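Please read the structure below before turning to the comments.
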Amino acid sequence: MNFYETIAVAFQKGGPFMYAIGVVAIFVIALSVDRFIKLYFTYAVDSEPFMKQIMKLISSGNIDRAIKMCQIKPRASLPQVIKAGLLRFGKPTEDIDGAMDEASLKVVPQIQSGLSFIATFANLSTLLGLLGTITGLIKSFGSLSAADPAQKQQMLATGIAEAMNCTAFGLIVAVTAIVVHSYLSNKANKMMDDVDRYSVAVLNLISEQYRTVRNRSSVQDQPPLPNNEV
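When we follow the working numbering, the leftmost residue of the sequence shown carries the number -4, and every step to the right adds one.
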């Protein structure tokens, strides 16, 4: 038998709980693909070069161009938060900070969405595999008392095969889900760290630019001193 035939035979010998574990495996695959696309393409941006350009534009006072740069990937998490702060440029620091915090509260759940379900399905797969193991052993040993001596060995082998195949399949799905969850969680944590770190950096730079502009305006608005006071 080739690999696929071996898997099909093992699935058939694993008993009814193999179908439940198969449903869990489908959910794990679907969630993993969805989260991978969202975290690596939809919500992601190359943060370091992006923020270098943003900081350069803010330092030069080109806020409109910085906002347009954030709009290139409107669904990305970091540009959404930075754009919220840039749109409040010229207002007090508290307003800018509040706008960026509000944007962060919107994007963080998007980043974390679905990851907890992958971990839950990993635990569920393990438990279903264990349950299939127990029911297989119960069936195996329970049927021995009523079976003919010639059939006992065959019935015992069938029950143990059901138990072991169900255990193996449940553990394969669980281990895969745990690895995927760990991998995607690390990516999500890095994205949230980037949002926190760069939003503080942008807030400080915007506040510095705001103070500089206000100081220049106050100096220009002062009346010239009389000649005898120069």
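For every residue, glycine included, the Cβ atom is placed at its ideal position computed from N, Cα and C. Please read all numbers here as calculations on a predicted model, not as lab measurements.
Take residue i as the anchor and find which of the options has the nearest alpha-carbon.
i, options, result
"residue 117", "52, 76, 166", "166"
"residue 125", "178, 161, 176, 48", "161"
"residue 77", "85, 119, 49, 104", "49"
"residue 13", "178, 159, 177", "159"
"residue 8", "88, 179, 187, 164", "164"
"residue 174", "41, 115, 6", "115"
"residue 183", "58, 68, 32, 197", "32"
"residue 106", "42, 58, 185", "185"
"residue 37", "67, 51, 59, 58", "67"
"residue 178", "113, 86, 83", "113"
"residue 196", "1, 123, 80, 15", "80"
"residue 226", "41, 39, 64", "The requested residue 226 does not occur in the structure, where the chain is confined to residues -4 to 225."
"residue 191", "42, 84, 21", "42"
"residue 168", "21, 133, 87", "21"
"residue 104", "187, 6, 60", "187"
Whole-angstrom Cβ separation of residue i and residue j, contact assumed at under 8 Å?
i, j, result
"residue 131", "residue 97", "The pair is not a contact, with the Cβ atoms about 54 Å apart (cut-off 8 Å)."
"residue 95", "residue 194", "5 Å"
"residue 28", "residue 171", "About 13 Å; that fails the 8 Å criterion."
"residue 19", "residue 111", "Not confirmed; about 15 Å, so no contact."
"residue 204", "residue 53", "6 Å"
"residue 26", "residue 109", "5 Å"
"residue 127", "residue 10", "6 Å"
"residue 135", "residue 155", "6 Å"
"residue 123", "residue 15", "5 Å"
"residue 62", "residue 82", "7 Å"
Could you spell out where the alpha helix (DSSP H) holding residue i opens and where it closes?
i, result
"residue 82", "It is not in any alpha helix (DSSP H) - residue 82 carries neither H nor E in the DSSP assignment."
"residue 67", "Careful: residue 67 lies outside any alpha helix (DSSP H) and carries neither H nor E."
"residue 44", "42 to 54"
"residue 99", "88 to 107"
"residue 39", "Careful: residue 39 lies outside any alpha helix (DSSP H) and carries neither H nor E."
"residue 26", "12 to 32"
Assign residue i to buried or exposed, taking buried as 16 or more other Cβ atoms, counted over all protein chains shown, within 10 Å of its Cβ.
i, result
"residue 47", "exposed"
"residue 223", "With a pLDDT of 48 at residue 223, under the threshold of 50, the predicted position of this residue should be treated as unreliable, though the coordinate-derived value follows. Classification of residue 223: exposed, given that the 10 Å Cβ count is below 16."
"residue 189", "buried"
"residue 30", "buried"
"residue 71", "buried"
"residue 74", "buried"
"residue 152", "exposed"
"residue 102", "buried"
"residue 40", "buried"
I'd like to confirm something about residue i: is its beta-carbon nearer than 8 Å to some heavy atom of the ligand ZN, or not?
i, result
"residue 131", "For the structure depicted, the ligand ZN is absent and the ligand set is empty, with no information on it obtainable."
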